[in-house]
Amino acid sequence: MNIGAHVSAAGSLTLAPQRAKDIGCECFQFFSRSPQGGKASVITPDIAKQFKANMKEYKQVNCYIHAPYYINFASPDTRIYNSSINIIREELERGSVLGVKALMFHPGSSKESGSEKGLELVCEGLKKVLDGYKGGTKLLIEISAGAGNVIGDTFEEINKMINSRQLKKYRLGICFDTAHAFASGYDLSSPVAVKKTFTEFDKIVGIKNLKLIHANDSKVELNTKKDRHDNIGQGKIGKTGFLAIVKLANQYDIDMILETPGDNERAKDIMTLKSMRVKK
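Numbering (the numbering used here), first residue to last: 1092 to 1371.
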């Protein structure tokens, strides 16, 4: 497994691999377009070639794209709904051109549609995204923190999506965000808790579907339904919990990406996780 972090691609996508190397990454995550909105930059053949060359030069094993935050597949607003479908398909295609391993996204909020209808909208929308897609970048559903009416904050709801009649054949993967899961009520603060949580995950979702871990400590207590990231060992999950999480990631060869606060602190967090990886 490889350890890395979210890095900036501001200025040019081709700069991201070096920025990742500079803070000690072995893999990294980035936005291929603004997470707040606007038209995506064009990925020319020269940009794609340079990006791949920089991946090799700066020894980055894998890279991942995070989808924009405004995506909402559960929205009854046709403009938002269709835009979400188009953008995620576009991001998959862009990722495939760059050689990106996976794209992760948040399904959205069912506040206006209701949970049952919202879930149905998500499944139908993702089917439209994946219909006819031939690229190499895999699509991952990221577990949510449970605030408001977000979809995908429980293992049961994630299972309903990936094994729905619309999506089962596409074999979607899962990005497990530790801070989100903790906020949603899944304890990760000790080896016993980590084992229990991932045993439950395996039973309901399947460990084979776990493709990436977002390694974030939590500023808030267990089951508080708030998305508040903290640096490794400084939050409520703590170093004891992360030792067990790193061990599990190493066992199943699952990359870990940090989204913790502060560029300088994030570099320290990478070193912390690497030190945990070598411990027995």
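Glycine included, every Cβ here is placed at the ideal spot set by N, Cα and C. Every value quoted in this text rests on a predicted model; they were computed, and no experiment measured them.
Under the three-state DSSP convention, the category residue i falls into
{"i": "M1367", "result": "helix"}
{"i": "V1241", "result": "strand"}
{"i": "G1102", "result": "coil"}
{"i": "A1358", "result": "helix"}
{"i": "N1153", "result": "strand"}
{"i": "L1349", "result": "strand"}
{"i": "I1134", "result": "coil"}
{"i": "V1296", "result": "coil"}
{"i": "N1314", "result": "coil"}
{"i": "Y1224", "result": "coil"}
{"i": "E1117", "result": "coil"}
{"i": "A1158", "result": "coil"}
{"i": "A1340", "result": "helix"}
{"i": "A1335", "result": "helix"}
{"i": "A1236", "result": "coil"}
Continuous beta strand (DSSP E) stretch holding residue i: start and end
{"i": "I1232", "result": "K1229 to E1233"}
{"i": "A1380", "result": "The question about residue 1380 has no answer here: the residues shown for the chain are numbered 1092 through 1371."}
Residues that DSSP places opposite residue i in a beta bridge
{"i": "L1301", "result": "I1265"}
{"i": "Q1127", "result": "Paired residues: none, contrary to the question."}
{"i": "S1309", "result": "H1320"}
{"i": "F1122", "result": "None, per the DSSP bridge assignment."}
Residue i at chain B interface by Cβ criterion, 8 Å
{"i": "T1290", "result": "Judged by its chain identifiers, the structure shown contains no chain B, having just a single protein chain."}
Opening and closing residue of the alpha helix (DSSP H) in which residue i lies
{"i": "Q1051", "result": "The question about residue 1051 has no answer here: the residues shown for the chain are numbered 1092 through 1371."}
{"i": "F1164", "result": "It is not in any alpha helix (DSSP H) - F1164 carries neither H nor E in the DSSP assignment."}
{"i": "K1327", "result": "Per DSSP, K1327 belongs to no alpha helix (DSSP H) and is neither H nor E."}
{"i": "K1251", "result": "F1246 to I1253"}
- Item | Every unbroken alpha helix (DSSP H) inside the stretch 1257-1291 [4 residues or more] | 1269-1274
- Message: As an exercise, report each continuous beta strand (DSSP E) stretch of at least 3 residues that is fully enclosed by the stretch 1189-1218, in chain order.
- Response: 1193-1196
- Indicate whether the contact test is met: 3 or more Cβ pairs, each with one atom in the stretch 1138-1147 and one in the stretch 1216-1235, closer than 8 Å. no
- Message: Measuring CB atoms only, is the stretch 1185-1195 touching the stretch 1237-1245, in the sense that at least three cross pairs come out at less than 8 Å?
- Response: no
- Quick one: any contact between the stretch 1283-1298 and the stretch 1201-1208, if contact means 3 or more CB pairs under 8 Å? no
- Taking 8 Å as the threshold, find out whether the stretch 1308-1315 comes into contact with the stretch 1156-1167 through three or more Cβ pairs. no
- Do the stretch 1356-1370 and the stretch 1105-1112 meet, that is, are 3 or more Cβ pairs less than 8 Å apart? no
- Using 8 Å as the Cβ pair cut-off and three pairs as the minimum, do the stretch 1291-1310 and the stretch 1335-1350 touch? yes
- Message: Three Cβ pairs or more, each shorter than 8 Å: is that satisfied between the stretch 1173-1181 and the stretch 1142-1149?
- Response: no
- Item | Contact the stretch 1325-1336 vs the stretch 1261-1281: 3+ CB pairs below 8 Å | yes
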